[in-house]
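Numbering (our numbering) for the sequence shown: 25 to 376. Virtual Cβ for every residue (Gly too), placed ideally from N, Cα, C.
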Amino acid sequence: MTTPTAFRLFKQVPRILFGRGALDRLGELLPAQGWTACVVDAVHRAGPIPARLAARNVEIFWFDAAHEPSTDQVDATAALVRATRPEAPSAILGLGGGSTMDVAKGVSVMLTNPGSARDYQGWDLVPHPAVFKLGVPSLAGSGAEASRTAVFFSGDRKFGINSDHSMFDAILLDPELLAGVPADQRFHSGMDCFIHCVEAVTGTMASPLAHAHAGKALELCEAVFLGEGSDDDLMVASYMGGCSIVNSEVGVAHALSYGLSLELGLRHGLANCIAFDVLDEFYGAHVETFRRMMARHAITLPRGVTRGLDQPAIARMVAMALRMERPLVNALGENWREVLTPERIEALYARM
Ligand code: NAD
Ligand code: ZN
């Protein structure tokens with residue numbers, strides 16, 4: 025494989041603890057001094073997790089992941105953390121799916137940077153290093169544990185804070201935490217990983233590192249969703265899928281899925297599945313594999329999701345997709361605007 029000429033310099037998560045039951049070894053990753061603000065998916069309120077965290081010097085901030093997060097929620101959570109104890113926390117822990125982990129990333133940034141989280145949506149806009157943060161996924165696929173992105177709604181857009189300071193300092197990957205995930209959510213989030221990898225390897229920005237990570241993660245996704253792969257495999261796939269986008273970019277499915285989430289409130293994993301299912305012309309055989317996985321897991325996608333939308337709503341979705349410049353350069357090259365015209369985007373939305 026030849027190497028693209030313009031390599032970017034990438035940070036990766038420096039410390040990783042993997043293993044069943046690893047949640048009980050949190051102390052090995054957290055700073056020895058100070059307290060930890062834990063942003064935890066509210067789905068865990070009733071289970072054993074609060075007690076397992078309480079063995080340490082922590083405060084829990086529940087995040088209701090019924091909807092994907094906004095910059096306002098990040099600002100409000102950061103304010104709550106500041107108000108809870110006189111001294112700042114020495115660590116932020118994010119435990120949950122991609123939504124909760126992203127909020128934890130955003131909070132860690134906002135504790136050391138002025139203004140609102142929306143000021144930092146974009147590339148490398150965060151001036152000051154963030155508070156130490158530890159990511160603990162309880163849902164696999166988003167790759168938020170590995171990526172430098174923290175994605176939030178703000179006003180009329182869904183956009184990431186993309187900075188070295190929004191990347192976790194450590195992650196704890198405990199496959200036992202995936203045990204209670206409902207089957208359809210497991211599939212949708214797992215497909216987020218599959219789609220990240222397809223978009224990473226087929227893109228113009230893919231480096232050999234992206235190919236290596238995504239290639240292995242695709243193999244694991246196929247083992248999990250077409251073979252006998254385990255939750256351990258899924259957790260590793262999610263992490264490697266995240267690494268693959270750090271070294272490449274997402275593509276057409278993500279560009280279109282952001283519009284679906286923005287306008288219809290569809291969750292990221294599901295929105296990706298709906299978008300990917302109409303992208304044969306871009307992702308060919310990978311879409312066929314995706315359909316085999318759906319059939320194997322008896323997953324059906326909602327049809328006609330854009331049917332009831334009026335023209336202004338469609339126009340907002342098209343505008344959102346067209347803002348996804350980097351993913352579209354990755355997918356289609358510098359002349360992507362000639363390939364993916366507003367009319368073509370609208371026609372793709374009409375088929376979803
Ligand atoms: P999610 O975090 O939005 O959670 C989906 C649902 O699963 C929620 O209802 C949540 O409460 C539930 N859930 C989580 N863990 C569970 C468990 N152990 N048992 C039962 N239910 C559980 O879903 P996701 O697919 O992990 O993440 C999607 C989000 O991540 C979106 O907001 C998306 O924008 C973002 N994202 C971020 C990145 C990144 O690199 N930062 C990448 C992809 C997606
Ligand atoms: Zn994604």
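The ligand NAD heavy atom lying under 7 Å from the CB of residue i
i	result
residue 293	yes
residue 287	no
residue 65	yes
residue 60	no
residue 175	yes
residue 101	no
residue 168	yes
residue 89	yes
residue 171	yes
residue 123	yes
residue 216	yes
Cβ pair residue i, residue j closer than 8 Å
i	j	result
residue 176	residue 130	yes
residue 234	residue 268	yes
residue 38	residue 193	yes
residue 119	residue 160	yes
residue 211	residue 321	yes
residue 62	residue 34	no
residue 156	residue 115	yes
residue 150	residue 137	yes
residue 69	residue 48	no
residue 189	residue 105	no
residue 171	residue 270	yes
residue 135	residue 112	yes
residue 241	residue 287	no
residue 208	residue 323	yes
Anticipated Cβ contact below 8 Å, residue i with residue j, distance rounded
i	j	result
residue 275	residue 341	Not quite, the Cβ-Cβ distance comes to about 17 Å (not below 8 Å), so this is no contact.
residue 292	residue 92	6 Å
residue 89	residue 51	Residue 89 to residue 51, Cβ: 26 Å. No contact.
residue 64	residue 108	No, residue 64 and residue 108 are not in contact; Cβ-Cβ is about 14 Å, not under 8 Å.
residue 369	residue 329	At roughly 15 Å, the Cβ-Cβ gap does not stay under 8 Å, so residue 369 and residue 329 are not in contact.
residue 376	residue 181	Actually they are not in contact, since the Cβ atoms of residue 376 and residue 181 sit about 20 Å apart, beyond 8 Å.
Residue i Cβ short of 7 Å to the ligand ZN heavy atom set
i	result
residue 296	yes
residue 272	no
residue 212	no
residue 237	no
residue 94	no
residue 310	no
residue 68	no
residue 126	no
residue 301	no
Validate contact between the segment 351 to 371 and the segment 224 to 239 using beta carbons, cut 8 Å, 3 pairs: The answer is yes - the segment 224 to 239 touches the segment 351 to 371, with three or more Cβ pairs under 8 Å.
Every unbroken alpha helix (DSSP H) within the segment 124 to 194, with a cutoff of 4 residues, ordered by chain: Segments of the alpha helix (DSSP H) lying fully in the segment 124 to 194: there are none.
Three-pair Cβ contact test at 8 Å for the segment 214 to 222 versus the segment 177 to 194: Result no; under three Cβ-Cβ pairs closer than 8 Å.
Cβ pair count under 8 Å reaching 3, the segment 40 to 58 against the segment 197 to 204: Cβ pair count under 8 Å is three or more, so yes.
Inter-stretch contact (C-beta, 8 Å, three-pair minimum) for the segment 302 to 310 and the segment 251 to 269: Contact between the segment 302 to 310 and the segment 251 to 269 is not established, with fewer than three Cβ pairs separated by less than 8 Å.
Meets three-Cβ-pair contact criterion under 8 Å: the segment 133 to 146 and the segment 307 to 325: No: the two stretches stay apart, fewer than three of their Cβ pairs being nearer than 8 Å.
Three CB pairs or more closer than 8 Å across the segment 253 to 260 and the segment 154 to 171: Verdict: yes, contact present.
Any alpha helix (DSSP H) of 4 or more consecutive residues that is wholly inside the segment 240 to 310: Within the segment 240 to 310, complete alpha helix (DSSP H) segments of at least 4 residues are found at 255 to 270, 276 to 288, 292 to 300, given in chain order.
Runs of alpha helix (DSSP H) lying entirely within the segment 192 to 230, each at least 4 residues, in chain order: Correct list: 207 to 226.
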